[in-house]
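Peer 1: Sequential numbering from 480 applies to the sequence shown in this note's numbering.
Glycine included, each C-beta is placed from N, C-alpha and C at the ideal position.
All values reported here derive from a predicted model rather than from experimental measurement.
To start, I am sharing the structure in question, which I have written as structure tokens.
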Amino acid sequence: MYKKISVTITTTLVIAAILTVSWSALHRSYAQSDFANTILKIHNDERAAVKVPDLTWSDSLAADAKKWAEHLASLPPKPTSSSGWNQCCGGEPDLVHAGPGENLWAGGANYYSTADMVKSWASEKSNYHGAPLSNADFAPGVPMIGHYTQMVWKNTREVGCATAIGNQGKFEFLVCRYSPSGNTLGQTPY
């Protein structure tokens with residue numbers, strides 16, 4: 480009798496473990512899918528508005544973006560300035576690009592949605608006036624356009640993104656990588 484109970488308990492525990500692992504994997508997969516789908520939808524809506532082909536998600540670019548997001552999250556904040564970052568976070572996040580074909584975002588950790596982050600780049604659309612890109616477009620103090628123009632760059636086909644939390648949980652970083660990269664001087668995005 481005890482052997483039957485033991486087998487029943489063991490079987491029940493194994494089934495419960497399988498279901499628990501499957502559920503957590505499914506939940507994680509869904510969360511990653513939701514993240515990617517949100518990013519793709521915003522990018523592809525902007526791209527459709529200027530009649531360039533949709534982007535597809537790249538797990539490889541996302542893995543590279545994750546490494547860079549974690550690197551940015553490991554950096555100490557820059558000294559405070561008049562930007563207001565010092566009021567919440569003890570300094571400004573250090574947003575250093577790893578290279579071309581990359582959009583970076585930083586803000587208060589767990590405060591902004593993925594859509595908020597990506598839409599902030601899309602909001603630069605009003606600053607872009609259709610001319611070929613030049614060094615002057617990226618000069619300090621000039622209204623930004625480079626995040627938006629990278630989002631809609633006509634030759635770009637893939638995007639992969641990731642986030643990381645840094646500075647003792649105060650900042651969240653979003654990194655998106657694009658292939659092929661855009662923002663080529665002397666060219667227009669679309």
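What does residue 549 pair with, by DSSP beta-bridge criteria?
Peer 2: Note: residue 549 sits in no beta bridge, so no partner.
Peer 1: With respect to the beta strand (DSSP E) encompassing residue 654, which residues constitute its N-terminal and C-terminal limits?
Peer 2: Residues 650 to 658.
Peer 1: Nearer than 7 Å: is that true of the beta carbon of residue 529 relative to any heavy atom of the ligand COA?
Peer 2: The ligand COA is absent from the structure shown, which contains no ligand whatsoever.
Peer 1: For residue 628, name the three-state secondary structure that DSSP assigns.
Peer 2: Looking at residue 628 - three-state DSSP - the assignment turns out to be helix.
Peer 1: Using the Cα positions of residue 615 and residue 624, report the straight-line distance between them to the nearest angstrom.
Peer 2: If you take the alpha carbons of residue 615 and residue 624, they lie about 11 Å apart.
Peer 1: Under a Cβ-count criterion, where at least 16 other Cβ atoms within 10 Å of its own Cβ denotes burial, should residue 647 be classed as buried or exposed?
Peer 2: Per the 10 Å Cβ criterion, exposed.
Peer 1: Going by other Cβ atoms of all chains shown within 10 Å of its Cβ, with 16 needed for buried, is residue 597 buried or exposed?
Peer 2: So residue 597 counts as buried.
Peer 1: Which residues share a DSSP beta bridge with residue 600?
Peer 2: Partner(s): none; residue 600 has no beta bridge.
Peer 1: State yes or no: is the C-beta of residue 641 within less than 8 Å of the C-beta of residue 521?
Peer 2: No.
Peer 1: In its own chain, which residues sit with a C-beta less than 6 Å from the C-beta of residue 509, not counting the 5 before and 5 after it?
Peer 2: Only weak support is given to the placement of residue 509: the predicted model assigns it a pLDDT of 43, under 50, and the question is left unresolved by the model.
Peer 1: Who are the Cβ neighbours of residue 639 in its own chain at under 6 Å, not counting the five residues just before and after it?
Peer 2: Only 537, 540, 541, 544, 656 meet the Cβ criterion.
Peer 1: Along the chain, where does the beta strand (DSSP E) that runs through residue 586 open and close?
Peer 2: Start and end: 581 to 587.
Peer 1: In the DSSP output, what is residue 544 paired with across the bridge?
Peer 2: The partner list for residue 544 (beta bridge, DSSP) is empty, contrary to what the question assumes.
Peer 1: Would you report the Cα separation of residue 645 and residue 532, rounded to the nearest angstrom?
Peer 2: Roughly 35 Å between the two C-alpha positions.
Peer 1: Could you spell out where the beta strand (DSSP E) holding residue 641 opens and where it closes?
Peer 2: Element bounds for residue 641: 637 to 645.
Peer 1: Based on the DSSP output, what are the partners of residue 535 in its beta bridges?
Peer 2: Residue 535 is bridged to 637.
Peer 1: Please classify residue 664 as buried or exposed, where buried requires at least 16 neighbouring CB atoms within 10 angstroms.
Peer 2: Result: exposed.
Peer 1: Three-state secondary structure (DSSP) at residue 667?
Peer 2: Looking at residue 667 - three-state DSSP - the assignment turns out to be coil, as it is neither helix nor strand.
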